[in-house]
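Below is one structure, written out as structure tokens; the observations come after it.
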Amino acid sequence: MERIVECVPNFSEGRNRDVVDAIAAAFTSTPGVALLDTEMDAAHNRCVISAAGDPDGVVRGIIKAVGKAVELIDLRTHKGEHPRMGAADVIPFIPISGVTMQECVELSVRVGQIIAERYGIPVYLYDQSARIPARQDLAYVRRGQFERIREEIRTNPDRRPDFGPCEVHPSAGASAVGARFPLIAYNIYLRTNDVRIASAIARAIRFSSGGLRYVKALGFQIKERNQAQVSMNLTNYEATPIFRVFDLVCREAERYGVSVASSEIIGLIPQKALDATAEYHLRLENFGRNQVLENRLADVLGNKSGMDEFIASVAGSDPILPAGGSVAALAGSLGAALGEMMSGVTEGKEKFASVEGEVHRIHAELTELRKTLRRLVDEDSDAFRSLMEAARLPRQDDQQRAAREEAIEHGTRAATETPIRTARSACRALELLRILAEIGNPSARCDVAAGAQMAGASLKAAQYNVLANIPGLKDREFAGTCRTEVMELVRRGQSILRQIDELMLSADSE
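One rule links them: number in this note's numbering = place in the sequence shown (from 1) + 210.
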């Protein structure tokens with residue numbers, strides 16, 4: 211199953227499209243991350259960006275997005291209807307497929323630590339990630355908003371962040387980072403502009419004041435529409451379905467002599483929530499998700515786009531994403547994967563009981579190598595992109611030229627270190643594949659040999675990338691060290707490939 215995590219950060223900007231687009235671009239320009247939706251609300255002065263992808267890619271993307279928000283949003287001049295305490299106000303991670311809630315908690319902790327260290331922002335863990343029970347409730351964490359937190363964080367122990375300084379960032383405030391179940395942001399507009407009615411309905415339906423278990427609600431006046439709004443977060447749409455919330459708001463509104471005008475979904479909603487609403491209102495019997503045409507087609511055809519998209523992006527005209535370094539790492543990960551397959555068909559067989567322990571150890575190490583090489587597919591593209599961005603920095607005066615040169619040196623170093631890491635991992639994979647070719651199940655020997663060729667190609671391609679980058683390094687000692695290391699890795703790798711080739715040819719002649 212493909213590993214997919216969703217991240218739905220809320221940023222305190224809902225009026226300037228250029229700012230929102232810049233934040234979204236920083237997030238989703240990361241390989242492995244796909245933009246799902248962007249919602250802007252001018253009255254709330256807030257945007258919600260929904261993106262999903264592999265966990266490591268999402269982590270890298272959200273860290274860059276927070277950096278862009280810190281650069282472009284100033285809470286000291288921010289005004290809006292919605293409560294907020296930070297430029298990057300709330301950053302939730304949501305498990306979608308192949309990812310557990312605990313893994314999302316770990317992602318949130320990792321991101322929280324990096325944001326605090328890199329940007330000097332105090333970070334509070336909330337919801338499933340909360341280390342303090344009261345902080346499971348976002349409203350508790352955000353109480354008093356930016357202005358009050360700014361004053362209390364220095365002196366009130368209850369305001370001590372999980373990560374970062376006991377002082378808000380001057381313009382970016384603080385951030386809440388956590389893991390949660392899929393949430394539905396749902397607003398209902400009333401045929402009145404009386405915010406007191408909306409607030410009374412919100413009090414009646416929200417859990418904190420005795421209402422529905424998984425509902426958080428506030429009443430707002432939306433001046434642009436001359437209407438009152440009941441704004442809600444539905445935190446568990448299965449236990450408290452959206453149709454039940456809508457019906458209760460309608461009944462509460464009738465008590466005040468008003469009716470519901472319309473409702474809206476902010477961001478995305480799970481199909482299952484809409485299916486349940488249709489099933490309830492249409493009183494459907496024995497309804498199943500496979501009766502929805504699109505669901506059935508998806509199940510039958512499967513999702514074949516991931517590899518197709520990667521190959522198409524390699525074949526595209528963009529000189530940056532992805533290129534030879536990423537392909538080198540991908541080849542290495544495939545080589546390691548074939549070694550895992552060989553291990554799997556060897557382990558548990560009585561015939562190979564004498565090597566069971568060694569094969570198990572090799573299997574575990576190849577799994578880690580595959581994961582490392584898969585991450586390097588994205589990291590190589592990230593490194594090269596950073597180098598290109600450094601080259602585009604202004605150079606109109608001595609200070610700018612010095613900053614640009616420093617950024618280019620840093621970028622070149624990263625663009626050299628990444629393929630070095632690919633070469634190390636590919637060479638180690640080759641060493642393990644050679645052992646498997648000798649002691650593993652002979653029925654998969656040709657597969658492990660194919661894996662060795664992939665790892666060898668990875669190693670050689672990584673060498674080319676290192677040699678292409680080191681001329682640009684000012685640190686000649688580092689350049690020389692990199693050249694020496696990669697040449698030695700290739701020498702060892704080619705020796706192993708010859709050994710495997712001889713083994714395969716001798717087996718063929720028997």
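Each residue gets a CB set at the ideal place from its N, CA and C atoms; glycine is no exception.
Assuming residue i contacts residue j (C-beta within less than 8 Å), just tell me the rounded distance between them.
| i | j | result |
| --- | --- | --- |
| Ile272 | Pro305 | Actually they are not in contact, since the Cβ atoms of Ile272 and Pro305 sit about 15 Å apart, beyond 8 Å. |
| Leu540 | Val468 | Contact flag wrong, Cβ pair sits at about 59 Å. |
| Ser385 | Gly267 | About 20 Å; that fails the 8 Å criterion. |
| Leu579 | Ser635 | 5 Å |
| Ala647 | Ala659 | 6 Å |
| Gly542 | Ala639 | 6 Å |
| Ser381 | Arg294 | Their Cβ separation, rounded to whole angstroms, is 13 Å, which puts Ser381 and Arg294 out of contact at 8 Å. |
| Gly554 | Gly661 | About 13 Å; that fails the 8 Å criterion. |
| Gly650 | Met552 | 5 Å |
| Phe303 | Val215 | 6 Å |
| Arg213 | Val309 | 5 Å |
| Cys186 | Leu586 | Not covered by the structure: residue 186. The range shown for the chain is 211 to 720. |
| Glu489 | Phe497 | 5 Å |
| Ala232 | Leu285 | 17 Å between Cβ atoms; not a contact. |
Hey, would you say residue i sits closer than 7 Å to residue j, going by beta carbons?
| i | j | result |
| --- | --- | --- |
| Ala678 | Ala633 | no |
| Ala261 | Cys217 | yes |
| Val727 | Val315 | Given a span of 211 to 720 for the chain in the structure shown, any question on residue 727 remains unanswerable. |
| Val405 | Gln431 | yes |
| Ser339 | Gly388 | yes |
| Val676 | Gly477 | no |
| Gly277 | Ala252 | no |
| Arg341 | Leu335 | yes |
| Val440 | Ala408 | yes |
| Ile394 | Tyr447 | yes |
| Ala683 | Thr622 | The sequence as given places Leu at residue 683; Ala does not occur at that position. Yes, these two residues count as a Cβ contact at 7 Å. |
| Ala600 | Ile572 | no |
| Asp590 | Gly535 | yes |
| Cys692 | Ile710 | no |
| Leu699 | Leu642 | no |
| Leu603 | Arg611 | no |
| Asn397 | Glu291 | no |
| Pro392 | Pro480 | yes |
| His379 | Ile331 | yes |
Classify residue i: buried if its beta carbon has 16 or more other beta carbons within 10 angstroms, exposed otherwise.
| i | result |
| --- | --- |
| His491 | exposed |
| Met517 | exposed |
| Glu254 | Before going further, note that residue 254 is His rather than Glu in the sequence given. When all chains shown are included, His254 counts as buried. |
| Asn500 | exposed |
| Glu377 | exposed |
| Arg584 | buried |
| Ser716 | exposed |
| Thr582 | buried |
| Ile176 | Lying outside 211 to 720, the shown extent of the chain, residue 176 is not represented and no answer is given. |
| Val230 | buried |
| His620 | exposed |
| Lys426 | buried |
| Asp588 | buried |
| Ile521 | exposed |
| Leu507 | exposed |
| Met211 | Confidence at Met211 is low in this model, with a pLDDT of 48, below 50, so its placement is unreliable and the value that follows should be read with caution. With fewer than 16 Cβ atoms within 10 Å of its Cβ, Met211 is classed as exposed. |
| Pro367 | exposed |
| Glu687 | exposed |
| Arg435 | exposed |
| Asp607 | exposed |
So that I know if they touch, is there some Cβ in chain C lying closer than 7 Å to that of residue i?
| i | result |
| --- | --- |
| Gly224 | No chain C appears in the structure shown, which is made up of a single protein chain. |
Which runs of the beta strand (DSSP E) at least 3 residues long sit entirely within the stretch 309–381? Give them in chain order. 333–337
Would you call the stretch 557–565 in contact with the stretch 589–599, where contact means no fewer than 3 C-beta pairs closer than 8 Å? no
Below 8 Å, how does it come out for the stretch 321–332 and the stretch 369–376: are there three or more Cβ pairs, yes or no? yes
Ignoring anything shorter than 3 residues, give me the beta strand (DSSP E) runs that lie fully in the stretch 217–305, in order along the chain. 243–251 and 256–263
Which parts of the stretch 378–419 are runs of the beta strand (DSSP E), unbroken and 3 residues or longer, counting only runs that do not cross its ends? 385–389 and 394–400
If we require 3 or more residues per run, which beta strand (DSSP E) segments fall completely within the stretch 462–500? 470–476
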